[in-house]
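Data block below; observations after.
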Amino acid sequence: MLFSDIADTFARLESTSSRLEMTSILADFFKGLKPSDLRDIIYLSQGKLHPDFYPVELGMADKMVLRAIASASGFKDDKVEEMWLKEGDTGTVAEKLISGKKQMSLFSQPLTLKSVVSDLTKIETSEGKNSQEAKVKTLSGMLHDSGPTEARYICRIVSGRMRVGASAMTILDALAQCYVDKESRPEIERAFNVTCDMGLVGETLAKDGMEGIRNIQVKVGNPIKVMLAERLPSLGEVIEKMDGRCAMEFKYDGMRAQAHITKDSIKIYSRRLENLTDNFFDVGERLMQNLKGSEAIIEGECVAIDPDTGNMLPFQMVTHRRRKHGLDSAIRDIPVRIFMFDILYADGKDLTDMSYVDRRRTLEESFELGDMLQMTTMRVVDNAEDAEDFFAGAIANRCEGIMAKSVGPESVYRAGSRGFLWIKYKKDYQ
């Protein structure tokens with residue numbers, strides 16, 4: 000498949016602000032694509048080669064991209080940089096300069112999807128002493144063979160800034176419109192929410208239809224889009240919204256984490272799919288050692304602890320764990336306790352359709368608990384007075400507030416959804 004066809008489609012997407020038109024453009028383009036090509040194109044539309052949670056990114060620095068543009072176009076470095084300072088986008092610079100490049104080669108080869116993905120993979124995996132030069136050389140070669148529109152999007156892809164406006168929700172709409180119907184869209188979206196991998200979802204739908212989509216399951220290692228809470232301005236309204244009875248948990252002032260655990264491996268993701276395994280490797284080891292079964296996916300709050308007093312520290316302290324430099328000292332100086340509050344998968348079973356009460360029980364039974372591995376403090380309440388008392392306890396224990404959670408049979412874990420099955424109430428709402 001020619002990359003020029005893909006670039007032209009990206010240009011059409013960028014030229015409209017209408018989501019309906021974007022959906023139609025994508026749905027028409029998806030027709031007839033090979034499933035494996037569809038997967039790659041979906042990733043490229045997001046400026047990536049892989050799903051969001053993949054630990055390696057292209058991420059070429061703008062200055063490196065500008066060097067490649069200069070080499071491919073024949074224009075001097077200072078001219079290229081001057082235009083970049085004016086335009087603010089390496090893609091636009093590449094498009095303009097490639098269209099007016101000083102030398103046209105007789106040996107240019109049309110870019111294909113396969114060749115572009117292959118070269119981008121070289122850029123992504125290049126390491127070592129001369130890796131920067133190798134990346135610039137590879138990108139320059141791609142631009143040498145590209146037309147202006149292709150150059151625009153190649154440079155944006157390697158920079159990770161596509162600007163075509165095709166959100167995940169638009170791609171889901173297009174997949175449903177192209178391959179099935181609107182009625183099937185919720186099932187397609189659920190497959191995305193439990194895998195966080197739009198390329199996989201697209202390829203599966205194109206190859207195996209809705210039967211394949213229904214066979215996509217929660218898998219240890221693939222992050223699940225987190226369930227989110229609504230908010231209300233008073234505890235009385237919270238109780239009323241929960242039909243007079245709910246579970247309340249302390250809302251800790253920490254960092255939400257989703258841990259994918261086996262007996263010999265661990266992956267920890269942030270709520271935005273950032274891989275934090277190395278940043279919280281001590282938490283990971285604790286979870287692996289204390290898991291009673293063979294595998295699980297849990298969610299919890301990582302909270303910094305004062306090593307002298309045992310008191311919980313503010314959120315700002317746990318953020319020191321996210322830094323790349325000085326991580327060893329941060330781990331040594333800032334111990335972290337994880338307060339677990341949900342379990343989504345255990346020993347081959349998807350638990351997201353299980354009620355909150357049953358998930359909570361399963362979570363507690365799945366681990367050997369200890370000082371640095373605890374359950375969130377929880378109480379079932381059925382009146383505003385008890386709710387106020389529990390909230391006061393949360394504040395006294397240096398928490399942000401409380402999370403109220405439905406205890407009814409409908410209290411499933413809705414991946415990627417925000418709703419009133421969970422309601423947060425914080426001190427600053429008062």
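In terms of numbering that gives the first Met the number 0, the sequence shown opens at residue 0 and continues consecutively. All C-beta atoms in this analysis are idealised placements derived from N, C-alpha and C, irrespective of residue type, glycine included. All values derive from a computational prediction rather than experimental measurement.
Put simply, of N274, G90, P109 the residue whose alpha carbon is nearest the alpha carbon of Y53 is N274. In this structure, the straight-line span from the alpha carbon of D77 to that of L96 is close to 13 Å. Cβ neighbours of M0 within its own chain (closer than 7 Å, five residues either side excluded): D36, T111, L112. G299 is a Cβ neighbour of I337, given a cutoff of 7 Å. The region 144-186 contains, as complete alpha helix (DSSP H) runs of 4+ residues, the segments 147-158, 167-178 (chain order). A check of alpha carbon separations from A256 across D277, A175, R244, G31 identifies D277 as the nearest. Counted as a single uninterrupted DSSP element, the beta strand (DSSP E) harbouring T261 occupies residues 254-261. CA-to-CA, the gap between T15 and D346 works out to about 47 Å. For Q45, the closest C-alpha among the options E210, H259, T169, G243 is that of T169.
The DSSP assignment places 372-374, 377-380, 400-404, 417-425 as complete runs of the beta strand (DSSP E) inside the region 363-426, in order along the chain (cut-off: 3 residues). Beta-carbon to beta-carbon, G159 and G58 are separated by about 6 Å, close enough to satisfy the 8 Å threshold. Per DSSP, reduced to three states, the secondary structure at Y355 is helical. Between E94 and S3, the C-beta gap is not smaller than 7 Å, which leaves the two residues out of contact.
Residue nearest to M287 within the set I267, C301, I304 is I267 (criterion: CA-CA distance). Between the region 339-354 and the region 204-222, the count of Cβ pairs shorter than 8 Å is three or higher; the stretches touch. Counting other Cβ atoms within 10 Å of its Cβ, T375 reaches 16 or more and is therefore classed as buried.
Runs of the alpha helix (DSSP H) spanning 4 or more residues and lying entirely within the region 35-116 occur at 61-72, 76-86, 89-98, in chain order. Around the beta carbon of N396, fewer than 16 other beta carbons lie within 10 angstroms, which makes this residue exposed.
Under DSSP, M21 shares a beta bridge with no residue. Taking a contact as a CB-CB distance under 8 Å, the pair A403 and Y428 does not count as one, their CB atoms being some 12 Å apart. Straight-line measurement puts the Cα of D385 at about 51 Å from the Cα of M21. Look at L119 here: in three-state DSSP terms it is helix. When C-alpha distances from R322 are compared across E364, Y355, G140, F279, the shortest belongs to F279. For the options A26, G418, F28, S293, the alpha carbon positioned closest to that of L231 is the one of G418. The residue from L362, P306, H324 with its alpha-carbon nearest to that of L290 is L362. An exposed status is given to D352, since fewer than 16 other beta-carbon atoms sit within 10 Å of its beta-carbon. If you draw a 10 Å sphere on the C-beta of V302, you find 16 or more other C-beta atoms in it, and that means buried. DSSP, read as helix, strand or coil, puts V225 in coil.
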